[in-house]
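So for the sequence shown, numbering that gives the first Met the number 0 puts the first residue at 0; every next one is plus one.
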Amino acid sequence: MPVYQDKKTKLWYFRCYVNNTNGKRKQYQRCGFKTKRDAQATERDFISKEISEDTNIIKQEPILNNTDNNEVLNNIQELEEDSNSIIYFSELWDNYNSYIKLKLKKQSYRKIASKFKNHIIPYFSKYRIDKINSRIYTDWQIKIEQNGYSYKYLSSLHGAMVTILNYGIKFYDLEYNIASKVGNFSKKNIKPSRVDFWTYEEFKKFIDCVEEIDYNTFYKTLFFTGMRQGEALALTWKDIQDGYIDIYKTIAKEKEDEKHIINTPKTKSSIRKIRIDNNLINDLNNLKEHYKRIIDFSDDWFVFGGIEPLSPTTIGRKKDNYCVKAGVKKIRIHDFRHSHASLLLSKNVPITVISERLGHSDINMTLNTYSHMIPKDEDKAIYALETLAS
0 MPVYQDKKTK
10 LWYFRCYVNN
20 TNGKRKQYQR
30 CGFKTKRDAQ
40 ATERDFISKE
50 ISEDTNIIKQ
60 EPILNNTDNN
70 EVLNNIQELE
80 EDSNSIIYFS
90 ELWDNYNSYI
100 KLKLKKQSYR
110 KIASKFKNHI
120 IPYFSKYRID
130 KINSRIYTDW
140 QIKIEQNGYS
150 YKYLSSLHGA
160 MVTILNYGIK
170 FYDLEYNIAS
180 KVGNFSKKNI
190 KPSRVDFWTY
200 EEFKKFIDCV
210 EEIDYNTFYK
220 TLFFTGMRQG
230 EALALTWKDI
240 QDGYIDIYKT
250 IAKEKEDEKH
260 IINTPKTKSS
270 IRKIRIDNNL
280 INDLNNLKEH
290 YKRIIDFSDD
300 WFVFGGIEPL
310 SPTTIGRKKD
320 NYCVKAGVKK
330 IRIHDFRHSH
340 ASLLLSKNVP
350 ITVISERLGH
360 SDINMTLNTY
370 SHMIPKDEDK
380 AIYALETLAS
């Protein structure tokens, strides 16, 4: 189990559960370690010892030096069942945070940690996890709903709460999950989320204003392939062959000033090959010739940026500036992906093909997102029915 550091004293402590020889589950705590390693080592030794029902537990001041390990183990503090056996939510988060940081990709971890730090920890940190009842949980839901988030985002916050409380059940003897019991946010007060996109005419106005060849080609690639930004930025010239783009990685940064990180894509279905049209092939070839003028050019270079990929912050800032210059509405970078889907739907491209190009794991995901964009052609349906009798 993870160990903790007291924010005031800067000393380390551990808290763990042990089943004694009579089968009774007890929680124990030991404080006052100068280093994290000492706390972890003592915890491992303590858990490995067989704790009997009549073990002599002595409550005393923390041991702050390199005392003999046997003496340390004999001075583990048994927590009182009525007040300290259940931890506060802030402590649960510290524990859970250490756990998911090891399990998740950095980009996924950053998103989840952000949800907790911005929307969950500020509200629940003061509560013991066994004292969070239905009133407290629904009050939090009402408060969060007032921010106007999409139902999808609200559901992700609820899912985060379900998951961390399940962790509390598994490791901290929490009796039940109040988040699961109360249920998800209500759809009643949620405004349907809007999918923003450009028509081809709007994109044409925008792209005609983009003079820099690398950014011009980057925006075209997003619009005409539906790739995610991270997928496009991770491309090297080796990934573009014979009219296809091979997508099997994505790129992310912890912070703007940190080195980029190459990860596997969002899902298995995101690993795909996208066929590209001749116009985009020509644009990409022109960009490659542009980079070849630079000394030591290599096919291992990033397609968009060269030795280092383009900065996402700069991509977004330039996009907004070009929107103003072109006189078109501002959309997010991710909305280039929606624009690609909208363009193909307007040309009657089958939804199955669109789903594959976008790398969706399920065609229902594509339908749920873009069904309102599918052209309504009732005349064809009526004609098909009326010709049955002829």
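Here a beta-carbon is modelled for each residue, glycine too, at the ideal position from N, C-alpha and C. Here the structure is a predicted model, which is why all the values come from computation and not from measurement.
Quick one: what does DSSP say Phe170 is sitting in, helix, strand or coil? helix
Under 9 Å, do Gly225 and Ile353 count as touching if we go by C-beta distance? yes
Asp138: buried (16+ other C-beta within 10 angstroms of its C-beta) or exposed? exposed
Proximal residues to Lys237 (C-beta, below 8 Å), its chain only, five neighbours per side dropped: Asp298, Asp299
Quick one: what does DSSP say Tyr199 is sitting in, helix, strand or coil? Per DSSP, reduced to three states, the secondary structure at Tyr199 is helical.
Does the beta carbon of Asp334 come closer than 9 Å to any beta carbon on chain D? The chain labelled as chain D is not found in the depicted structure, where only one protein chain is given.
Tell me whether His339 is buried or exposed, calling it buried when 16 or more other Cβ atoms sit within 10 Å of its Cβ. His339 comes out buried.
According to DSSP, simplified to helix, strand and coil, what is Asp81? Confidence at Asp81 is low in this model, with a pLDDT of 42, below 50, so its placement is unreliable and the value that follows should be read with caution. Of the three classes helix, strand and coil, the one that applies to Asp81 here is coil, per DSSP.
Does the beta carbon of Glu201 fall short of 8 Å from some heavy atom of the ligand GDP? Ligands in the displayed structure: none, and consequently the ligand GDP is not present.
Is DSSP giving Thr8 helix, strand or coil here? coil
Rounded Cβ spacing between Leu384 and Phe303 (contact assumed at less than 8 Å): With 8 Å as the limit, Leu384 and Phe303 do not qualify as a contact, their Cβ atoms being about 50 Å apart.
Determine the contact status of Arg127 and Ile177, defining contact as a CB-CB distance below 9 Å. no
Since Ile141 and Leu153 should fall inside the 8 Å C-beta cutoff, what is the C-beta to C-beta distance between them, to a whole number of angstroms? So it is not a contact: roughly 11 Å between Cβ atoms.
Work out the CA separation of Asp195 and Asp334 for me, nearest whole Å. Between Asp334 and Asp195, the C-alpha separation is close to 6 Å.
Measure the beta-carbon distance from Tyr390 to Lys186 and round it to whole angstroms, keeping in mind my assumption that it falls under 8 Å. Outside the displayed span of the chain (0 to 389) sits residue 390, for which this structure offers no information.
Limits of the beta strand (DSSP E) - the one that Lys272 falls within: 271-274
In three-state DSSP terms, what is Tyr95? helix
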